[in-house]
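Numbering (this note's numbering), first residue to last: 1019 to 1455.
To start, the structure under review is shown below, and the notes come after it.
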Amino acid sequence: MAEVKIVLPAMGEGVTEAKITKWLVKPGDLVEVDQPLVEIATDKVDSEVPSTSKGKVKQLLFNEGDSPQVGQAICILEVEGVIAEGSKTHVSPAEPKSAQKEKPVAKPIEIKEKAEVKQEIKTLRYLSPLVRSMAKQENIALEELEKIEGTGLDGRITKDDLLKYIENRSNRISQIEAEAKERIQTETPIQYTSPTDTNSSVLAHEVVPMDRMRKLIADHMVRSKQTSAHVASFIEVDVTNMVNWRETNKDKFQKTYGDKLTLTHLFAQATIAEVKRYPLLNSSVEGDNIILKRDVNLGIATALPNGNLIVPVVKRAETLNLIGIAKSINDLAQRARDNKLKPDEIVGGTFTITNLGSFDTLTGTPIINQPQVAILAIGAVKKRPVVIETPSGDMIAIRHICILSLSYDHRVIDGALAGQFLKSLRDRLENFTPSEI
């Protein structure tokens, strides 16, 4: 029997480790190709690692709760095959030869390159973007980071290392605060009122800890507000022609292509075209530079059954027609709700839309999804009486109206550009014709 190592795969830009949340197999289990072996969690998304071979589980190299690095072996399978001659540790054919000398894990990382990096930054260790972000938020200086003992690959500081350090530091602060509070209480006694007292103004309450995803969302939203100068502009749009066309063609579309056609798909197609016309909305900020993105990677804000939010990304959306847009959005949204998104499917977005109308909300001011510079909110489509200008004079008619809201980073986008974008998008939507599909 030969041995195959299952390694933690690459999971998107900036992701260097993942936490093992649940093993789905145990030593001795027989597994098939593509069978999920383990559930993992990163700061981006939860996902599963499948088996690359058919065989029997020989050894689990990490426990639940551990955080292996990308490229490290997490599990060993016994498979039918020939053992590589002269090899002490048997690895899968996909692993580099240098990995055969590693015990107990494979490290498909070029050591020479890492040594050069260490020499350039001298005493500073490599810090992942997540660790840097957490350290900045907690006001931890680089000098303080240098004192933290890292448990990651080559002594890197992992997210768990930093969380443990922050917890210990918080405990010290809490202890000092508790001692101070105790001194105050001994000097000024406090009278307590029972929450069960019907005459009391004190109400009983329940403390609900944030789950991991909600913590990530909270951190991301606060960081965005601290990073970007948020401004919002609004415009009202008559989408009657678009609504009527969809109502006429939605059944035929689903029968022909096997996917539902929603207003979100039509809004997305029009938005993609306008973003290409106004490239500053498809950019990001790095220091004093504005980075214009070539591709429109469209993020679609998706509500999850547990009340959380995730933003899967349609990559190179400008290359898709309406059929491709509908299929991509439907597929990503469904797999998001089923918790089956891949890590690289929620990174790399350049512009985001969120459909507030799904919950009958008229409008809103969404927070920019960093490092993007703008996000478009689509309000609920409502029938309203409006004044229409005709060659024979003004008239009142019942039309389908919605409000578009654009939140944008004032460091890059001024009100004039935002207004031009919204006006151009409005004109495209109001003059909607099937020929534009």
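Glycine included, each C-beta is placed from N, C-alpha and C at the ideal position.
Just so it is clear, the structure is predicted and the values come from calculations on it, not from any experiment.
Can the beta-carbon of Ile1347 be found closer than 8 angstroms to that of His1283? The count along the sequence shown starts at 1 and reaches residue 1347 at position 329. The count along the sequence shown starts at 1 and reaches residue 1283 at position 265. Yes, Cβ-Cβ distance for Ile1347 and His1283 is below 8 angstroms.
Minimum C-alpha distance to Lys1391 - residue among Phe1369, Thr1258, Met1231: As a position in the sequence shown, residue 1391 is number 373, starting the count at 1. Before going further, note that residue 1391 is Val rather than Lys in the sequence given. It is Phe1369 whose Cα lies nearest to the Cα of Val1391.
Quick check on DSSP: helix, strand or coil for Phe1080? In the sequence shown, residue 1080 corresponds to position 62, counting from 1. Coil.
Name the DSSP bridge partner or partners of Ile1309? On the sequence shown, residue 1309 is found 291 positions in, with the first residue counted as 1. Ser1302.
Nearest-angstrom Cβ-Cβ length linking Phe1379 and Phe1252, presumed shorter than 8 angstroms: As a first step, residue 1379 is located in the sequence shown; it is residue number 361 there, counting from the start. As a first step, residue 1252 is located in the sequence shown; it is residue number 234 there, counting from the start. Here the sequence assigns Thr to residue 1379, which means Phe is not the residue at that position. About 13 angstroms; that fails the 8 angstroms criterion.
Cβ pair Asp1047, Lys1072 closer than 8 angstroms: Counting from one through the sequence shown, the residue named residue 1047 turns up at place 29. Counting from one through the sequence shown, the residue named residue 1072 turns up at place 54. The answer is no: Cβ separation not under 8 angstroms.
Answer with buried or exposed for Ile1406, where buried requires no fewer than 16 other C-beta atoms within 10 angstroms of its C-beta. In the sequence shown, residue 1406 corresponds to position 388, counting from 1. Classification for Ile1406: exposed.
Quick check on Asn1373: does DSSP put it in helix, strand or coil? Taking the sequence shown and counting its residues from 1, one reaches residue 1373 at position 355. Three-state result, Asn1373: strand.
Following the continuous beta strand (DSSP E) through Ile1416, name the residue where it begins and the one where it ends. Position 398 of the sequence shown, counted from the first residue, corresponds to residue 1416. Run containing Ile1416: 1411 to 1427, per the beta strand (DSSP E) assignment.
Backbone CA spacing between Thr1451 and Ala1036 [nearest angstrom]: Here residue 1451 corresponds to residue number 433 of the sequence shown, with the count starting at 1. Here residue 1036 corresponds to residue number 18 of the sequence shown, with the count starting at 1. Answer to the nearest angstrom: the Cα atoms are 47 angstroms apart.
Chain-order list of residues whose beta-carbon lies under 6 angstroms from that of Asn1373 (same chain, five-residue window excluded): Indexing the sequence shown from 1 puts residue 1373 at position 355. Excluding positions up to five away in sequence, the list reads Thr1282, Ile1396.
First and last residue of the uninterrupted beta strand (DSSP E) at Val1462: An answer regarding residue 1462 cannot be provided, because it is not within the stretch 1019 to 1455 covered by the chain.
If you drop the 5 nearest sequence neighbours on each side, which residues of the same chain put their C-beta closer than 6 angstroms to that of Ser1242? Locating residue 1242 in the sequence shown gives position 224, counting from the first residue. Hits under 6 angstroms: Ile1385, Ile1386, Gln1388.
Exposed or buried, which one is Gln1155 when buried takes at least 16 other CB atoms within 10 Å? One-based indexing of the sequence shown puts residue 1155 at position 137. Gln1155 should be labelled exposed.
For the putative contact between Lys1294 and Val1314, defined by C-beta atoms under 8 angstroms, what is the C-beta separation to the nearest angstrom? Taking the first residue of the sequence shown as 1, we reach residue 1294 at position 276. Taking the first residue of the sequence shown as 1, we reach residue 1314 at position 296. Your pair Lys1294 and Val1314 checks out as a contact, with CB atoms roughly 6 angstroms apart and the cut at 8 angstroms.
Beta-bridge pairing of Gln1087 - partner residues as DSSP gives them: What you label residue 1087 is simply residue 69 of the sequence shown in a count that begins at 1. Bridge partners of Gln1087: Glu1035.
On the criterion of 16 or more Cβ atoms from any shown chain inside 10 Å, does Val1051 qualify as buried, or is it exposed? In the sequence shown, the residue the question calls residue 1051 occupies position 33. By the C-beta density criterion, Val1051 is exposed, having fewer than 16 other C-beta atoms within 10 angstroms.
Using the Cβ count rule (16 or more neighbours within 10 Å means buried), how would you classify Ile1371? Counted from its first residue, the sequence shown places residue 1371 at position 353. Result: buried.
In the DSSP assignment, the beta strand (DSSP E) including Asp1064 goes from what residue to what residue? Counting from one through the sequence shown, the residue named residue 1064 turns up at place 46. Residues 1064 to 1068.
Give the secondary structure of His1238 by DSSP, where H, G and I count as helix, E and B as strand, and everything else as coil. Here the question's residue 1238 lines up with position 220 in the sequence shown. Looking at His1238 - three-state DSSP - the assignment turns out to be helix.
Report all residues from its chain with a CB closer than 7 angstroms to the CB of Lys1360; omit the five preceding and five following residues, and keep chain order. For the purposes of this step, residue 1360 is identified with residue 342 of the sequence shown, where counting begins at 1. Excluding positions up to five away in sequence, the list reads Ser1065.
Measuring CA to CA, which of Leu1078, Val1430, Pro1409 is closest to Ser1246? The residue labelled residue 1246 in the question sits at position 228 within the sequence shown. Checking every option, the nearest Cα to that of Ser1246 belongs to Val1430.
By Cβ distance, which residues of its chain are closer than 8 angstroms to Ala1236, with the 5 residues on each side in sequence left out? By one-based count along the sequence shown, residue 1236 stands at place 218. Setting aside the 5 residues that flank it on each side, Ala1236 is surrounded in the same chain by Met1228, each with a C-beta closer than 8 angstroms to its C-beta; the list follows chain order.
Starting from Ile1347, trace the alpha helix (DSSP H) both ways and give me its first and last residue. By one-based count along the sequence shown, residue 1347 stands at place 329. Counting along the chain, the alpha helix (DSSP H) containing Ile1347 begins and ends at 1340 to 1355.
Let me make sure I understand the geometry here. Which of Leu1042, Ile1184, Val1067, Thr1289 has the alpha-carbon closest to that of Ile1089? Reading the sequence shown from its first residue, position 71 is the one you call residue 1089. The amino acid at residue 1089 is misidentified as Ile; the sequence shows Gly. The candidate whose alpha carbon is nearest that of Gly1089 is Val1067.
Using the beta-carbon count (16 or more within 10 Å), is Leu1316 buried or exposed? Counting from 1 along the sequence shown, the entry for residue 1316 is found at position 298. It counts as buried.
Top-ranked residue by Cα proximity to Ile1175, from Asn1157, Ala1153, Phe1377: Locating residue 1175 in the sequence shown gives position 157, where the first residue counts as 1. If we check each option's Cα against that of Ile1175, Ala1153 comes out closest.
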